[in-house]
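One structure below.
Residue numbers (my numbering): 12 to 172.
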């Protein structure tokens, strides 16, 4: 009996396949493939879950961002209003201070005018006394003029005080 090489290869292949079936290699391969498919399925499920969770977190952060943005706008509006109130208040205070300063300056000027008039009248009185003294001294003798002059000086000093 002569075996052809093709026949030997064929019988070797059949024996090999039967050996694989006997050793349950296809079942083991299917088991590993099923386990791998289950792992992939679980990973896909986990990925979907994580994606949904990420979308929820994104929505929450967008809501928080919009709320914070609204709060910031409100804070800016309130700050602008407060700044305007402070500005108006400062302007009013400056006007009050300016008015008070102007009144103080007017009072000072008025006091200085009164003081100048008082000094002028004192000087005028002194000059009048000197002039009257000269006239009296020319027309009255020395003894009478001295008494009149002393009386006049006492009267003026009492008037000044």
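The beta carbon of each residue, even a glycine, is placed where N, CA and C say it ideally should be. Because the structure is a prediction, the values reported are computed rather than measured.
Backbone CA spacing between residue i and residue j [nearest angstrom]
i: residue 136; j: residue 116; result: 30 angstroms
i: residue 25; j: residue 36; result: 15 angstroms
i: residue 39; j: residue 29; result: 15 angstroms
i: residue 105; j: residue 99; result: 10 angstroms
i: residue 64; j: residue 41; result: 34 angstroms
Reference residue i, options the options, closest by Cα
i: residue 165; options: 25, 146 and 140; result: 140
i: residue 168; options: 133, 142 and 150; result: 133
Cβ pair residue i, residue j closer than 8 angstroms
i: residue 144; j: residue 157; result: no
The ligand GDP heavy atom lying under 7 angstroms from the CB of residue i
i: residue 52; result: The ligand GDP is absent from the structure shown, which contains no ligands of any kind.
Residue i - DSSP class collapsed to helix/strand/coil
i: residue 27; result: helix
i: residue 15; result: coil
i: residue 34; result: coil
Proximity test, Cβ basis, 8 angstroms: residue i and chain B
i: residue 113; result: Protein chain content of the structure displayed is limited to a single chain, and chain B is not contained in it.
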